[in-house]
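Those sequence lines, one after another, are chains A and B.
Oh and the first sequence: position 272 is 272 in the working numbering, straight run, nothing missing.
Heads up, the working numbering is the position in the second sequence plus 1000, with the first residue counted as 1.
Protein chains: 2
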Amino acid sequence: MFCWLNRLYRGLSSPTGRTTQLIWGSLSRSLVLSSRRRIPEFSSFVARTNTCGELRSSHLGQEVTLFGWIQYRRQNTFLVLRDFHGLIQLVIPQDESAASVKKILCEAPVESVVRVSGTVISRPPGQENPKMPTGEIEIKVKTAELLNSCKKLPFEIKDFVKKTEALRLQYRYLDLRSFQMQYNLRLRSQMVMKMREYLCNLHGFVDIETPTLFKKTPGDDHSNKVFLRVEKIIWGAKEFVVPSREPGKFYSLPQSPQQFKQLLMVGGLDRYFQVARCYRDEGSRPDRQPEFTQIDIEMSFVDQTGIQSLIEGLLQYSWPRDKDPVVVPFPSMTFAEALATYGTDKPDTRFGMKIVDISDVFRNTEVRFLQDVLSKPKGTVKAIRIPEGAKYLKRKDIESIRKVAADHFNQEVLPVFLKASRHWNSPVAEFILEKQSLELIRLMELQEEDVILLTAGEHRKACSLLGKLRLECADLLEARGVVLRDPALFSFLWVVDFPLFLPKEENPGELESAHHPFTAPHPSDIQLLYTEPEKVRSQHYDLVLNGSEIGGGSIRIHDAELQRYILATLLKEDVKLLSHLLQALDYGAPPHGGIALGLDRLICLVTGAPSIRDVIAFPKSFRGYDLMSNAPDSIPPEELKPYHIRVSWPADSEAEKSSLDHPHHPES
Amino acid sequence: MFCWLNRLYRGLSSPTGRTTQLIWGSLSRSLVLSSRRRIPEFSSFVARTNTCGELRSSHLGQEVTLFGWIQYRRQNTFLVLRDFHGLIQLVIPQDESAASVKKILCEAPVESVVRVSGTVISRPPGQENPKMPTGEIEIKVKTAELLNSCKKLPFEIKDFVKKTEALRLQYRYLDLRSFQMQYNLRLRSQMVMKMREYLCNLHGFVDIETPTLFKKTPGDDHSNKVFLRVEKIIWGAKEFVVPSREPGKFYSLPQSPQQFKQLLMVGGLDRYFQVARCYRDEGSRPDRQPEFTQIDIEMSFVDQTGIQSLIEGLLQYSWPRDKDPVVVPFPSMTFAEALATYGTDKPDTRFGMKIVDISDVFRNTEVRFLQDVLSKPKGTVKAIRIPEGAKYLKRKDIESIRKVAADHFNQEVLPVFLKASRHWNSPVAEFILEKQSLELIRLMELQEEDVILLTAGEHRKACSLLGKLRLECADLLEARGVVLRDPALFSFLWVVDFPLFLPKEENPGELESAHHPFTAPHPSDIQLLYTEPEKVRSQHYDLVLNGSEIGGGSIRIHDAELQRYILATLLKEDVKLLSHLLQALDYGAPPHGGIALGLDRLICLVTGAPSIRDVIAFPKSFRGYDLMSNAPDSIPPEELKPYHIRVSWPADSEAEKSSLDHPHHPES
């Protein structure tokens, strides 16, 4: 009988009964964020006495004034009124003297806004609704006022009514009335508030705003190149440019406050944080937004362990109470181990199916292609075990898996079954000798109905292929009803010891930063910088949650000479563009490090939302459009004039232009 | 003996002794923001045991590890170490066995960063420094490590060393080490945190982030046109544009989240707030920043009184404890009264010198030009009294005042003295008859040494001229030592009942919004909309502090028909650009209203900083440049290509270009 909102604010620790039915009924978990917080005054400064959702038997006999939307009406007798807090049943007066009140309440369309005053009364015995937090009572209406009428809606404001995402985004202001969006946005607000309390009030961090009209940072592509590269999805992230009134001069919208947070440390601010708006133009990369928010943190005199403890405490403190508590410290894994075991730098550690190196099994194989691979440097044979795969996967699943491997990784994958009768199209099965088979069973702990996916190739390539297939198979198994990943489980993981540099793809003789050029090298590897820089590990760390990267950071370089050497000599960047930062390091820069958490992604995982667009009030579509207002929009040339720019229309722009003239772009 | 920082966090309510000397010594007031807050753990997650500033006699005998900057050294015996918290004296060991420690501490340049460990000991009797919070103790150093050496500084990090603002901005990371900047930024962070607690935890507001990549809002020039117009300083504020990858399509950086906050109310979010980054391209308007921050608030079902109470409570709750407490409710004044009495819409009510209408005194005057003015509609004679002006103002002051009036307002101002001997160049004095003179003395409560500044003209013009001169004269008097405005006084004022529309300057037959087109008309004036719209008052309210506008808001239009009528019929705006907002109002938009407080200006007034650039970590210069990084910067044409734009170089751009190639623009 407790309302979700009260629990969100007050923080009762256990009620789990169904809170509401109807649109508010989809959530049965409690939404507790804090036990110390009192419920805010939701009716201060306005003429209502109460919110719809807060009324209970304890209010019996009280005269109340409520504001809300008409949710539905029954037989011109009952009306259910909704506000952000919940639902309440109104009894429409039927006597002649209240004819005008009845007329208002019976004629106003659904979703109209009304003000009503009346008395809280008990529902007649037998008519209580135990599924509704306000279900023991109703309001005997005395006066009513129609504040705004609602026209015919493009869709019903009910959670069970399925809408396309394009429609939801076009009418976002209506979509926001849904329980789920109200819940997501309030949970986000509460969780960020708790983070601020932790950082500001408990640990002395200073909330500092940094500029978003800045300049391009060379080499500061904040996308993690380590794996994008392997997966061949380099998106060419760009910084948005903003023309200034100075001809040919542009601001850039920064991808992160990286330079500013480091300069704040040089400025002696010691502990900085910001809930920072960042910008990244990635074209139409799925589930990204051109502007996004990160919890941005930097500290002086800290090491990797310090930052990790800080973040563990931060998440523990701000974590919603209705979820399993966050257990700290989080486990940690090196990048090399993550690659070898999970084939990715962001392992989903909620389930097994780890990659096993079975090269040794095949050292003396007569299978030619295995021989070939194993004779090369870094040549390996690897496999993952799909538990009960023979039972749950179909032949066409295996075929589609093999096709993914061939198409996206240019690599062969072979299914191996224990039961001889099942070696569908598996050319290797017959070559596996009895001895090798036994060895495999031992190494991979095979059960009768399991399937092995086996591949051979260069270590990193083989691992990333199997890492991908591991996730695909998990999805397949779960689609068939196998429970691999507990939906209530939040599995955090630190990934550490990344390489500092990667060979440039277009020119492997040159290096680029694996993350960004301000990352400090691993203390044990400093000397390698001058001999074998490609072997240097960094002091970068990623935070992974359930297989998603939710944060990353590093200890930074605070030595100007080292920074200059890395930028100029190793990375061949134009040092002039960063002269202010290099100069700053020269003036007594303290050792420092930091991290940034991707807030949209984190809230998305916490709420279990299908997309980050469900935790952002006004998100852009895949293609970067605001489907509600139709931004971006055309601008007349005279308004571009003060900025000294002109549009370069593509040569075949006529056709394109007309195709772009649709008011809304049906997509997503 | 209390440290400013402890007080900032812990909130002791009264200590006022000098806190520190040296660079930390400039602040003697206590910096208390809250009495319930405990001091944060400043040394969590790092290897130091304490901060420099927190050590006291109670730490005697403790082994401590500190990080900090070398503030100065005395005779290779003492070293003063600084961190964000304060200063501590180190005793450099002199014995042979500690030669390496001595070498480090004696050779490191000032502003180098070191780690030291040692024991807290008492200073020898007589050597205590009562002006220094840590002045009873010192640290007997055992080990030291140089973490980063400092090169020769462009200026000393001492508050008494005067720097040009351009130099401070160029080396902002050094300027941030000053006590004043540390104080300003920490106070800002604390005050915003308290505001969040008030809004989020006490009153149920939801912190919601809205997009900054949006589209142009027609008529949404957020500058207050009511007075800019009169003062002839229309700056042509523009929205910055951000080219997208779609040819010819641009995002705009919004001047405020106005549309989004209203759409959130339509979405049933009920109570929204955001510490919102906003953008306004005003060229080089003084003391403005191209990006700025506002405390943005919107509520459903609220009226003007409700918003005003909310804001009064917000400021009271978040106000620093070392200032005089905020007294609520704030006084309120209509726009008409503010104009008539102070000649401005943002009266500085800390002092008198109000404008007096003395038209009646001159009804039967024989002075021709007064006759002429009074015979016209709205023709008036007005005056302000400068107390003891004859004593403090010089002849050239009066001449310069008259020149301001003539040059900027095209208006005559006449000084009138009581003593006949002093009628410097005042042609009117001799015409003022005995009777009129007595009447003036009565009306304006004249004393012997006072001066009157008299002007005649159209009501609004005469008032705004005298409003301007009132402030100029106050500055002049204060420069001569007269105390008119108590620096400890914070004088809040609501200004209400603004006109809803103004005639367009370029075409007075048409109307434009005095504030923005979503402002609701005053309920008493609704009918005038259809007959004499120029007479309609609005439900807009401004919050003024010490003569600066620090906030403004309004009750919004929630009726789609009314909004359409105002946009299309009265303002002749292109309604298509706002179709989404009009549509939203049709779907059961609740009555709603809100406000935005200019955070930079507010913090500037609270800290007494000379410019908003002193309360922003990385401000832009007057001309919108970041003098540290030299943003905005050139961008190669190939990087503009994905955005389908080209630079239009001005015809005579060569000369301009070369003049712009200086790495830094000496200005401000």
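Backbone N, C-alpha and C fix where the C-beta goes; we use that ideal spot for every residue, glycine too.
Counting of Cβ neighbours within 10 angstroms places residue 526 of chain A among the exposed residues, the total staying below 16. Residue state for residue 1274 of chain B is assigned as strand, using DSSP reduced to three classes. In this structure, residue 358 of chain A and residue 382 of chain A form a Cβ contact; the two beta carbons are roughly 7 angstroms apart against a cut-off of 8 angstroms.
The straight-line gap separating the alpha-carbon atoms of residue 127 of chain A and residue 79 of chain A is approximately 15 angstroms. Shown here, residue 1188 of chain B sits in a helix according to DSSP, grouped into three states. The beta carbon of residue 1117 of chain B does not come within 9 angstroms of any beta carbon belonging to chain A, so the residue lies off that interface. Under DSSP, residue 333 of chain A shares a beta bridge with A:495. In the same chain as residue 1102 of chain B, and ignoring 5 residues on each side of it, the C-beta atoms closer than 8 angstroms to its own belong to 1076, 1092, 1093 and 1094, in chain order.
When secondary structure is reduced to three states using DSSP, residue 58 of chain A falls in the helix class. The criterion of a C-beta distance shorter than 9 angstroms is not satisfied by residue 1491 of chain B and residue 1293 of chain B. Boundaries for residue 320 of chain A: no alpha helix (DSSP H) harbours it, and the DSSP string shows neither H nor E there. With a 10 Å radius around the Cβ and a threshold of 16 neighbouring Cβ atoms, residue 184 of chain A comes out buried. Rounded to the nearest whole angstrom, the C-alpha separation of residue 287 of chain A and residue 554 of chain A is 25 angstroms. At a beta-carbon threshold of 8 angstroms, none of the residues of chain A lie near residue 1530 of chain B; the nearest stands roughly 21 angstroms away.
For residue 507 of chain A, DSSP assigns no beta-bridge partner whatsoever.
For the stretch 48 to 78 of chain A, the beta-carbon criterion of a distance under 7 angstroms to any beta-carbon of chain B is satisfied by 48, 67 and 69. Proximity of chain B to residue 464 of chain A at the Cβ level (cut-off 9 angstroms) is not reached, the minimal Cβ distance being about 29 angstroms.
Look at residue 1357 of chain B here: in three-state DSSP terms it is strand. Residue 542 of chain A and residue 495 of chain A do touch by the CB rule: their CB atoms are close to 4 angstroms apart, below 8 angstroms.
Collapsing the DSSP output to three states places residue 267 of chain A in coil. Across the structure, residue 391 of chain A and residue 451 of chain A are spaced so that their CA atoms are roughly 9 angstroms apart. Burial check for residue 1515 of chain B: the Cβ neighbour count within 10 Å reaches 16 or more, so the residue is buried. In the structure shown, residue 533 of chain A falls within a helical segment according to DSSP collapsed to helix, strand and coil.
Positions of the beta strand (DSSP E) runs, each at least 3 residues long and wholly inside the stretch 1359 to 1416 of chain B, are given as 1379 to 1386 in order along the chain. The beta carbon of residue 1635 of chain B sits closer than 9 angstroms to some beta carbon of chain A. In the structure shown, residue 586 of chain A falls within a helical segment according to DSSP collapsed to helix, strand and coil. Assignment of beta-bridge partners to residue 1074 of chain B by DSSP yields B:1078. At a cut-off of 9 angstroms between C-beta atoms, residue 456 of chain A does not count as an interface residue with respect to chain B.
Note on residue 255 of chain A: 16 or more other CB atoms within 10 angstroms of its CB, so buried under the neighbour-count rule.
Of all alpha-carbon atoms in B:1182, B:1470, B:1181 and B:1403, the one lying nearest the alpha-carbon of residue 1356 of chain B is that of B:1470. Judged by their CB atoms, residue 119 of chain A and residue 62 of chain A are nearer to each other than the 9 angstroms cut-off. Residue environment analysis places residue 173 of chain A among the buried positions, since at least 16 neighbouring C-beta atoms fall within 10 angstroms of its C-beta. In the DSSP annotation of this structure, residue 91 of chain A is not part of any alpha helix (DSSP H); the continuous beta strand (DSSP E) holding it starts and ends at 86 to 91. In the three-state scheme derived from DSSP, where H, G and I count as helix and E and B as strand, residue 180 of chain A is classed as helix.
Under the criterion of beta carbons closer than 8 angstroms, residue 1253 of chain B and residue 1305 of chain B do not qualify as touching, at roughly 33 angstroms. Just measuring C-alpha positions, the residue of B:1148, B:1587, B:1616 and B:1592 sitting nearest residue 1598 of chain B is B:1616.
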